[in-house]
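Q:
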Amino acid sequence: MTSKHEQFRFSAVSADSKSSFIKKYQDLVLGDRSWRRLLQYELLTLLVGQLPGALGLGLRRILYPQLFGSVGKNAIFGHHLTLRAPGRIHLGSNVVLDDYAVLSVRGFEDERIEIGDGVQIGRSAQLKTRAGSIFISAHANIGAECRIDSTTEVHIGQHCIFAGRCYLGGVSHQFDRTDIPIVQQPLATKGGVHIGDDVWLGAHVIVLDGVTIGTGAIVGAGAVVTKDIPAYAIAMGVPAQVRSWRKVELAESYQNGSTEYKKP
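Heads up: the sequence shown begins at 1 in the numbering used here, then just goes up one per residue.
This is the structure in structure tokens:
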């Protein structure tokens, strides 16, 4: 039986012989088959989606909220945004989506992207789900060209800072069979990614599926996080290892600087 993740592969939707071109387009781009939403999306992205400068920002600020599931006050929309199933994307107040950002939801109706108040999504950042959800809490800053993928759930806490080109992967491929290519094998999940409040990821940090990073932790540039990082730890390296602590008293709870710890 086809898994829910396989149903939402681009190749699976585009190859559906029972659907017309326009229905495939609606499924992939809008996430529903409403003709009203199709016309609205096409007109707005064509007329104001690529407009630069103050005129473009002003028009998108007025017109773009109607594309989304919900939008708070004073949201700012850059030009050349890529929006997939925008009706399942919810934005708080004072959210900034910088130029060329990608927000894409592919999945069932309860799966979505939620972005809290004051969040900034950097230039060319990508937030993509396939039968999963992404939740970003208030006042987080997602740097330029970061990528967040989810086939389960990715949770990012308040006041987090992600430097440029970080990758959070709530998804991986199975690879146990050798008779078919890896790309054709089912996706595997380990529970998604959970990032606590006030976490700082340096540039080019990679966080793999199944990882939890505790509140107040710092991960140095270029690290690959394969295991949980405790709260207020400072980790770096490949794979990431705890090297020091922001709160010295917490070090006594962990042995030998290991990233292994007991969750509360």
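We treat Cβ as the ideally placed atom computed from N, Cα and C, and that holds for glycine.
#1: Check the DSSP bridge columns for LEU103 and list the partner residues they point to.
#2: DSSP three-state call for GLU111: helix, strand or coil?
#3: Under three-state DSSP, which class holds ALA235?
#4: Leaving aside the five residues before and after GLY169 along the sequence, list all residues of the same chain whose C-beta is less than 6 Å from its C-beta, in chain order.
#5: Roughly how many angstroms separate the alpha carbons of VAL193 and GLU153, rounded to a whole number?
#6: Near LYS247, which residues of its chain fall below 7 Å by C-beta distance, leaving aside the five closest residues on each side in sequence?
#7: Assuming ALA101 contacts ILE121 (C-beta within less than 8 Å), just tell me the rounded distance between them.
#8: Buried or exposed: where does SER70 fall if 16 or more other Cβ atoms within 10 Å of its Cβ makes it buried?
#9: To which residues of the same chain is GLY87 closer than 8 Å at the C-beta, ignoring the five residues directly before and after it?
#10: Reducing DSSP to helix, strand and coil, say where ALA251 ends up.
#11: Run through the DSSP bridge pairs and tell me what TRP35 is partnered with.
A: The structure says:
#1: Along the sequence shown, read from residue 1 onward, the residue named residue 103 stands at position 103. Its beta-bridge partners are LEU83 and LEU127.
#2: Mapped onto the sequence shown, residue 111 falls at position 111. GLU111: coil per DSSP, three-state reduction.
#3: In the sequence shown, residue 235 corresponds to position 235, counting from 1. If DSSP states are grouped into helix, strand and coil, ALA235 belongs with the strands.
#4: Here residue 169 refers to the residue found at position 169 of the sequence shown. The beta carbon of GLY169 is closer than 6 Å to those of ASP149, LEU208 and ASP209 in its chain, skipping five residues each way along the sequence.
#5: Here residue 193 refers to the residue found at position 193 of the sequence shown. Here residue 153 refers to the residue found at position 153 of the sequence shown. About 7 Å.
#6: Taking the first residue of the sequence shown as position 1, residue 247 is located at position 247. Taken in chain order, the residues that qualify are TYR232.
#7: Counting from one through the sequence shown, the residue named residue 101 turns up at place 101. Counting from one through the sequence shown, the residue named residue 121 turns up at place 121. With a Cβ gap of about 5 Å, ALA101 and ILE121 count as contacting.
#8: Position 70 of the sequence shown, counting from 1, holds the residue named residue 70. Burial call: exposed.
#9: On the sequence shown, position 87 is the one that residue 87 refers to. Once the five neighbours on either side are set aside, the close Cβ partners of GLY87 are LEU30, GLY31, ASP32, ARG37, LEU67, PHE68 and GLY69.
#10: For the purposes of this step, residue 251 is taken as the residue at position 251 of the sequence shown. Of the three classes helix, strand and coil, the one that applies to ALA251 here is helix, per DSSP.
#11: Position 35 of the sequence shown holds residue 35. Note: TRP35 sits in no beta bridge, so no partner.
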